[in-house]
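Beneath this line is the structure, given in structure tokens, with notes to follow.
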């Protein structure tokens, strides 16, 4: 049976398609002096590297890349189902191929009834793809389970987080799995307004409080595209023993372009 290779959808747009230029770009973003933590989860942005690459790279600089990474990201394309997972194959980037952890994926399908096998949701989606080269820069031999989220039903999100944690715990992989939530923050508001709103959302994440995050996002109208993946991640890592979170970096597109009238916010957070 031929192995399915998920080809990069945004190489040459969101990041360099040349391996040499991509490595150089990431190398310019990382924090070589960062203290490494054995994190259980993290929040990373997923815009073009020009805008959010430094935030995302500093997150990966600050953690040990574990053997297995569960990638949770928002579904921007509208293809696929509510919770779409690929359970086999490989993902290709300019830095090489990353295998899907088939054993973990199949176990997750058993533990998480809302999860469905779906390739189409991932074919053109960028929110998980852009994170991979950053992890590949530091480690070559990790595996992934990619999940695209297209629901904001709070009960489903919480239950999914609990079930993911149950699966990881049952498999005795608590110390081997990193759960990554891919999300940008406020979209297309002034620097002042975006920073204010994002501070509220970030505070909830740092407090490991998914209920407060939901309340802030809905109450303040925060256009945080990946708040649903973050809710799942928070719920899961707390069940797996996470006790603290650290804001690694926050910036907006305005900090890069100089245009403060309409920005997108980017937060990098590590959870131990």
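Residue numbers (our numbering): 1036 to 1307. For each residue, glycine too, the CB sits at the ideal point set by N, CA and C. The structure displayed is predicted, hence computed values, not measured ones.
> Any idea if residue 1232 is buried or exposed, counting beta-carbon neighbours within 10 angstroms, 16 or more meaning buried?
Replying inline: Counting from one through the chain shown, the residue named residue 1232 turns up at place 197. Residue 1232 comes out buried.
> What is the C-beta distance between residue 1181 and residue 1130, in whole angstroms, given that I count them as a contact (C-beta under 8 Å)?
Replying inline: Residue mapping note: residue 1181 aligns to position 146 of the chain shown, counting from 1. Residue mapping note: residue 1130 aligns to position 95 of the chain shown, counting from 1. About 17 Å; that fails the 8 Å criterion.
>> For residue 1162 and residue 1170, what's the separation of their Cα atoms in angstroms?
In response: For the purposes of this step, residue 1162 is taken as residue 127 along the chain shown, with counting starting at 1. For the purposes of this step, residue 1170 is taken as residue 135 along the chain shown, with counting starting at 1. Near 14 Å, if we compare the C-alpha coordinates of residue 1170 and residue 1162.
> In whole angstroms, what is the alpha-carbon distance linking residue 1290 and residue 1206?
Replying inline: Along the chain shown, read from residue 1 onward, the residue named residue 1290 stands at position 255. Along the chain shown, read from residue 1 onward, the residue named residue 1206 stands at position 171. Going from the Cα of residue 1290 to the Cα of residue 1206 covers about 43 Å.
> What three-state label does DSSP hand residue 1114 in the structure shown?
Replying inline: Counting from one through the chain shown, the residue named residue 1114 turns up at place 79. Coil at residue 1114, not helix or strand.
> Can you tell me where the beta strand (DSSP E) with residue 1024 in it begins and where it stops?
Replying inline: No statement about residue 1024 is possible, as the shown extent of the chain runs from 1036 to 1307 and does not include it.
> From what residue to what residue does the alpha helix (DSSP H) around residue 1063 run?
Replying inline: Position 28 of the chain shown, counted from the first residue, corresponds to residue 1063. Its alpha helix (DSSP H) spans residues 1054-1064.
> What is the DSSP secondary structure of residue 1260, counted as helix, strand or coil?
Replying inline: Here residue 1260 corresponds to residue number 225 of the chain shown, with the count starting at 1. Coil at residue 1260, not helix or strand.
> Do the stretch 1089-1097 and the stretch 1108-1128 make contact, defined as three or more Cβ pairs closer than 8 Å?
Replying inline: no
>> Once DSSP output is grouped into helix, strand and coil, what is the label at residue 1160?
In response: Your numbering for residue 1160 matches position 125 in the chain shown. Here residue 1160 sits in coil by DSSP.
> Taking Cβ to Cβ, would you say residue 1081 is nearer than 7 Å to residue 1184?
Replying inline: Position 46 of the chain shown, counted from the start, is the residue given in the question as residue 1081. Position 149 of the chain shown, counted from the start, is the residue given in the question as residue 1184. The answer is no: Cβ separation not under 7 Å.
>> Which same chain residues end up closer than 8 Å to residue 1140 when comparing Cβ atoms and leaving out the 5 residues on each side of it in sequence?
In response: Here residue 1140 refers to the residue found at position 105 of the chain shown. Result list for residue 1140: 1120, 1121, 1122, 1123, 1180, in chain order.
> So the alpha helix (DSSP H) residue 1171 belongs to, where does it begin and stop?
Replying inline: Here the question's residue 1171 lines up with position 136 in the chain shown. Run containing residue 1171: 1167-1173, per the alpha helix (DSSP H) assignment.
> According to DSSP, is residue 1248 helix, strand or coil?
Replying inline: Here residue 1248 is taken as the residue at index 213 of the chain shown, counted from 1. Residue state, collapsed to three classes: helix.
>> Using a Cβ-Cβ cutoff of less than 7 Å, which residues in the same chain neighbour residue 1275 once the five nearest sequence positions on both sides are dropped?
In response: Position 240 of the chain shown, counted from the start, is the residue given in the question as residue 1275. The answer, listed in chain order, is 1075, 1200, 1203, 1204, 1209.
> Which residue from 1215, 1267, 1090 puts its Cα closest to that of residue 1100?
Replying inline: Here residue 1100 is taken as the residue at index 65 of the chain shown, counted from 1. Nearest of 1215, 1267, 1090 to residue 1100, Cα basis: 1215.
> Where residue 1361 and residue 1296 are concerned, what is the direct C-alpha to C-alpha distance, given to the nearest angstrom?
Replying inline: The chain is shown from 1036 up to 1307; residue 1361 falls before or after that span and cannot be answered.
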